[in-house]
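Only one structure is covered here, and it is reproduced in the block below.
In full-length UniProt numbering, the protein residues as written are 1 to 538.
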């Protein structure tokens, strides 16, 4: 067998390839840092208080806070009391976006956070314990300023209030505001329309204890978070460029594998599967979300991301394991069920967690798993456990790499008996492999960091710290790193048409025997793969 490209390519060419990949990696960071804007934008909205004069409260009627058909407004609740307007007749209206602006499909998603401005009153305090606000909310859309509003969703939701009054509760401090946590309110999986309108009611029913003991609500504020259109265009451009690059190297790699006389080993199959998953996540199907109202794109993106995570983490386990097993145990996927099984189970849990929130949001955009105590605790526990498991996985991978290095060091005992040329050749192979393993560890570390920050960042949106953002360079840099790593693995582990030492093979047969007398016959992609899988004779 001729061996893999990582063994037979000259050091000069390998250095050139490495420098080119490094330049592309730097460029992927620069694209996000210098060209793309920040990934998301937060816009603040203050709800307008409209008066519903219809006694029947028709759900088909929509209240606009401004414009030619704006509603009858009041400034505050003191004015409502003076005009004897009941709380059930007040509608909080919010138009998204602000005047003279338009939403765009390039925004990809829209997350809305809610905050109540609640004033302290001695006779109307927030109840101790479970104070729950019942919200009757509807969202509508239209694509021109003079068109009719079309209802998108309507729901009656409950949100638990978490408010603190930092000063003494006395008559002198009446009118001061509680400090209330932001609440998850709405999430849309795409932004297919130009204008959105939210109508919010806080129905009061003392007999059924609805919206009783929630304090004196003065205003409702919303924070709309959406992806920046400029970042979306840069992201789509990267996907469009990288998809054919990975697809071409994938086809080229598998063609070289099939041309071999032996069947492909497990490591080669896993490399091919990794390339398939990278191609799957690269395919820029998001382009269709610009022209079609596909509300499931956000969920589909999460599923693709999860599949790639599972494949990448499983690949690193098998990649290290195949250089630890002897020939009797390697090349069997069933050997790795203890390591790969938890990865698959964790990915399945990620899928279930995502379906519990974003799956339901396909029908009801106001649903949030963070809205209940149990849901919040589960979500928080999930983020913490996921972060801990990611760190433990990286430590375990470091341990496996250490074992691989120790295994290779044990096999080097045969090298001193060789001639200088052959010894230098095998030492060069070992150095190349160790360097690749260190690059793998670096890639794994960056992936774990990216996963943890992504989970925490999304959690911060729900917890209320909407100012937390991850720099665009981090997104584009990590995404570029994954593609470059997969590209490098398929390129370096593809079978080579070149054979080292063809001119010396006749004279070096005795030295080959010196290396192989301690091991059984092995087939594999590289000499290092063969060396690490050979069982020493007693």
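Backbone N, C-alpha and C fix where the C-beta goes; we use that ideal spot for every residue, glycine too.
Discussion item. Would residue 443 and residue 493 qualify as a contact pair, given that the criterion is a beta-carbon distance under 8 angstroms?
Written reply: no
Worksheet item: Is there contact between the region 349 to 356 and the region 139 to 146, where contact requires at least three CB pairs shorter than 8 angstroms?
Response: Cβ pair count under 8 angstroms is below three, so no.
Discussion item. Give me, in chain order, the residues of the same chain whose beta-carbon lies closer than 8 angstroms to that of residue 266; leave out the 5 immediate sequence neighbours on both sides.
Written reply: 318, 322, 330, 331, 332, 333
Worksheet entry | residue 258, buried or exposed, once every other Cβ within 10 Å from all chains shown has been counted against 16 | exposed
Discussion item. Using the three-state DSSP reduction, which class does residue 85 fall into: helix, strand or coil?
Written reply: coil
Worksheet item: residue 284 by DSSP, collapsed to three states: which one?
Response: coil
Item to complete: May I ask you to list the residues that DSSP assigns as paired with residue 160?
Response: 132
Discussion item. Quick check: the Cα distance between residue 226 and residue 277, rounded to an integer number of angstroms?
Written reply: 28 angstroms
Fill in: First through last residue of the beta strand (DSSP E) which encompasses residue 219
216 to 227
Worksheet item: From residue 539 to residue 10, what distance separates their C-alpha atoms?
Response: Missing from the structure shown is residue 539; the chain here goes from 1 to 538 and no further.
Fill in: Cα-Cα separation, residue 312 to residue 274
7 angstroms
Discussion item. Checking the sheet assignment: what are the DSSP bridge partners for residue 154?
Written reply: 138
Practice prompt. With DSSP as the reference, label residue 268 as helix, strand or coil.
Written response: Taken through DSSP and simplified to helix, strand or coil, residue 268 comes out as helix.
Item to complete: Enumerate in chain order the residues of its own chain whose CB-to-CB distance from residue 169 is below 8 angstroms, with the five nearest sequence positions on each side excluded.
Response: 120, 122, 125
Fill in: Where the alpha helix (DSSP H) through residue 11 begins and ends
11 to 30
Item to complete: Tell whether a beta-carbon distance below 8 angstroms holds between residue 46 and residue 302.
Response: Against a cut-off of 8 angstroms, the Cβ pair of residue 302 and residue 46 comes out as no contact.
Worksheet entry | Nearest-angstrom Cα separation, counted from residue 386 out to residue 466 | Its pLDDT being 41, under 50, residue 466 is placed unreliably in this model, and the coordinates cannot settle the point.
Fill in: Proximity below 8 angstroms, CB of residue 193 to CB of residue 103
Contact flag set, yes.
Worksheet item: So the beta strand (DSSP E) residue 539 belongs to, where does it begin and stop?
Response: Here the chain has residues from 1 to 538 only, and residue 539 is not among them.
Worksheet item: With which residues is residue 495 paired in a DSSP beta bridge?
Response: Residue 495 is bridged to 4.
Discussion item. Considering just the uninterrupted stretch of the alpha helix (DSSP H) at residue 302, what are its terminal residues?
Written reply: 297 to 321 is the extent of the alpha helix (DSSP H) around residue 302.
Worksheet entry | For residue 304 and residue 17, the rounded distance between their alpha carbons | 29 angstroms
Fill in: Simplified DSSP state of residue 501, which is helix, strand or coil
Model confidence at residue 501 stands at a pLDDT of 46, short of 50, so the residue's coordinates are unreliable and nothing is read from them.
Worksheet item: If you check the beta carbons only, do residue 234 and residue 31 fall under 8 angstroms apart?
Response: yes
Worksheet entry | Beta-carbon proximity list for residue 336, same chain, < 7 angstroms, skipping 5 on both sides | 317, 318, 321
Worksheet item: For residue 94 versus residue 198, is the C-beta distance shorter than 8 angstroms?
Response: A contact, by the Cβ cut-off of 8 angstroms.
Worksheet item: residue 546 lies in the beta strand (DSSP E); which residues open and close that run?
Response: With the chain represented from 1 up to 538, any question about residue 546 goes unanswered, as that position is not in the structure.
Discussion item. Let me confirm a value: residue 539 is counted as buried when at least 16 other C-beta atoms fall within 10 Å, else exposed. Which label applies?
Written reply: Outside the shown range of the chain, which is 1 to 538, sits residue 539, and nothing can be said about it.
Practice prompt. Taking residue 340 as part of the beta strand (DSSP E), name the residues at either end of that continuous run.
Written response: It is not in any beta strand (DSSP E) - residue 340 instead sits in the alpha helix (DSSP H) that spans 337 to 354.
Worksheet item: Considering only C-alpha positions, which residue in the set 40, 74, 6, 48 is nearest to residue 221?
Response: 48
Item to complete: Out of 424, 139, 42, state which residue places its alpha-carbon closest to the alpha-carbon of residue 155.
Response: 139
Practice prompt. Just the C-alpha distance for residue 402 and residue 434, rounded to the nearest angstrom, thanks.
Written response: 10 angstroms
Worksheet item: By the 10 Å Cβ neighbour count, where 16 or more other Cβ atoms means buried, how is residue 53 classified, buried or exposed?
Response: exposed
Item to complete: Measuring alpha carbon to alpha carbon, tell me which of 281, 338, 314, 191 ends up nearest residue 291.
Response: 191
Worksheet entry | Span of the beta strand (DSSP E), counted from its first residue to its last, around residue 44 | 40 to 46
Practice prompt. Check whether the region 202 to 213 touches the region 60 to 79, counting contact only when three or more Cβ pairs, one atom from each stretch, lie closer than 8 angstroms.
Written response: no
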